[in-house]
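Input: a single structure, listed below in structure tokens.
Number of protein chains: 2
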Amino acid sequence: MSRDDVRRYLIAYDISDDVRRTNVAKKLESYGDRVQYSVFIVDTRPAKLLRLRTQLIHLIDQSTDSILFCNLGTLRDNQRQSLDVIGRSRTITDHGPAIL
Amino acid sequence: MSRDDVRRYLIAYDISDDVRRTNVAKKLESYGDRVQYSVFIVDTRPAKLLRLRTQLIHLIDQSTDSILFCNLGTLRDNQRQSLDVIGRSRTITDHGPAIL
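The structure is reproduced here in structure tokens:
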């Protein structure tokens with residue numbers, strides 16, 4: 066997987082139902098790294114992100130739940146500079162977040 | 066305020082204490098727009114973002130709370146393309162999100 070193909074996505078969810086929220090969190094954990102309780106960072110190619118997106122659509126109730134996708138650009142763009150945390154932090158590396 | 070100066074920031078918080086969480090939400094509401102329960106979009110100049118950041122530091126307990134800042138670049142970069150929601154959505158415009 067070339068670094069040119071890989072993009073960094075921030076994915077945040079807003080789901081009140083415990084079961085659906087747990088299912089979404091488990092799915093996201095298999096693709097990326099948790100940086101906050103309801104925020105994940107996923108480094109992947111756009112095609113794989115599309116697959117994840119389709120899987121997530123089937124896990125949520127679209128009338129009440131919300132999942133936000135934010136495309137932060139290619140890893141080559143040195144996107145580390147675009148993420149910053151105050152308080153309890155987990156460091157984002159080129160290979161995803163590392164829990165400190 | 067020139068569009069060249071203004072940057073779009075995604076700000077997400079992870080705060081378990083009700084009082085601190087409410088205070089942070091109120092502060093963020095005065096700077097930007099809520100796109101999820103704990104996610105805001107703030108369009109502002111870097112200097113003003115720094116001021117907001119300092120104010121937020123004083124509102125949280127840095128040993129337990131977390132606030133993530135994600136710099137999405139200048140509005141001129143047409144960052145609308147970088148944000149996408151499935152499920153219950155609020156549309157992000159050039160002038161911030163509009164609740165649908």
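Line by line, the protein sequences give chains A and B. The letter at position 98 of the first sequence is residue 163 when you use the working numbering, and the numbering goes up by one with no holes. The letter at position 73 of the second sequence is residue 138 when you use the working numbering, and the numbering goes up by one with no holes. The beta-carbon is built from N, C-alpha and C at its ideal position, and this holds for glycine as well.
- prompt: Can you tell me the Cα-Cα spacing of B/K92 and A/D98, whole angstroms?
  reply: For the purposes of this step, residue 92 of chain B is identified with residue 27 of the second sequence, where counting begins at 1. For the purposes of this step, residue 98 of chain A is identified with residue 33 of the first sequence, where counting begins at 1. If I take the Cα positions, the gap works out to 28 Å.
message: Tell me which residue opens and which closes the beta strand (DSSP E) that B/T129 is part of.
response: The residue given as residue 129 of chain B occupies position 64 in the second sequence. No beta strand (DSSP E) contains B/T129, which DSSP labels as neither H nor E.
message: When you compare the CB positions of B/D126 and B/D79, do they come within less than 8 Å of one another, or not?
response: If you number the second sequence from 1, residue 126 of chain B lands on position 61. If you number the second sequence from 1, residue 79 of chain B lands on position 14. Contact flag unset, no.
query: Shortest alpha-carbon distance to B/D108 belongs to which of B/L148, B/V71, B/E94?
result: By one-based count along the second sequence, residue 108 of chain B stands at place 43. Checking every option, the nearest Cα to that of B/D108 belongs to B/V71.
message: Under DSSP, the beta strand (DSSP E) around A/L148 begins and ends at which residues?
response: For the purposes of this step, residue 148 of chain A is identified with residue 83 of the first sequence, where counting begins at 1. Per DSSP, A/L148 belongs to the beta strand (DSSP E) from 148 to 152.
- prompt: Looking at the C-beta of A/L124, does it have a partner C-beta in chain B at a distance below 8 Å?
  reply: Position 59 of the first sequence, counted from the start, is the residue given in the question as residue 124 of chain A. It does not: the Cβ of A/L124 has no partner Cβ on chain B nearer than 8 Å.
message: Can you tell me which residues form a DSSP beta bridge with A/D108?
response: By one-based count along the first sequence, residue 108 of chain A stands at place 43. Paired residue(s): A/R73.
field: Secondary structure of B/D142, DSSP reduced to three states
entry: Start at 1 with the first residue of the second sequence, and residue 142 of chain B comes out as number 77. Three-state DSSP puts B/D142 in a helix.
Helix, strand or coil at A/D83 according to DSSP, with G and I counted as helix: The residue labelled residue 83 of chain A in the question sits at position 18 within the first sequence. Here A/D83 sits in helix by DSSP.
- request: Report, in whole angstroms, the separation of the C-beta atoms of A/I122 and A/I76, which I expect to be a contact under 8 Å.
  value: Counting from one through the first sequence, the residue named residue 122 of chain A turns up at place 57. Counting from one through the first sequence, the residue named residue 76 of chain A turns up at place 11. Going by Cβ atoms, the distance from A/I122 to A/I76 rounds to 13 Å, so no, they are not a contact pair.
- request: Compare the C-beta of B/R153 against all C-beta atoms of chain A and say whether one is closer than 8 Å.
  value: Mapped onto the second sequence, residue 153 of chain B falls at position 88. B/R153 counts as touching chain A.
task: Could you tell me which residues DSSP puts in a beta bridge with A/Q101?
output: Counting from 1 along the first sequence, the entry for residue 101 of chain A is found at position 36. Beta-bridge pairing links A/Q101 to A/V104.
message: Just to make sure I have the definition right: I need the residues of chain A whose C-beta is within less than 7 Å of the C-beta of B/R71. Which are they?
response: Within the second sequence, the letter at position 6 stands for residue 71 of chain B. Position check: residue 71 of chain B holds Val in this sequence, whereas Arg was assumed. Neighbours of B/V71 across chain A, judged by C-beta separation under 7 Å, do not exist; the nearest C-beta is about 16 Å away.
Under 8 Å from the C-beta of A/F134: neighbouring residues of chain B: For this step, residue 134 of chain A is matched to residue 69 along the first sequence. The contacting residues are L148, D149, V150, I151.
- request: Would you list the residues sitting across from A/Y78 in a DSSP beta bridge?
  value: Locating residue 78 of chain A in the first sequence gives position 13, where the first residue counts as 1. Beta-bridge pairing links A/Y78 to A/I132.
query: Taking a cut of 7 Å between CB atoms, which residues from the region 77 to 109 of chain B lie near chain A?
result: A77, D79, V100, Q101, Y102, S103, V104
- prompt: Do A/L137 and B/C135 have their CB atoms nearer than 8 Å?
  reply: In the first sequence, residue 137 of chain A corresponds to position 72, counting from 1. In the second sequence, residue 135 of chain B corresponds to position 70, counting from 1. For A/L137 and B/C135, yes; Cβs fall inside 8 Å.
message: Using 8 Å for Cβ pairs, my map puts B/N88 next to B/L117. What's the rounded Cβ distance?
response: Indexing the second sequence from 1 puts residue 88 of chain B at position 23. Indexing the second sequence from 1 puts residue 117 of chain B at position 52. 13 Å between Cβ atoms; not a contact.
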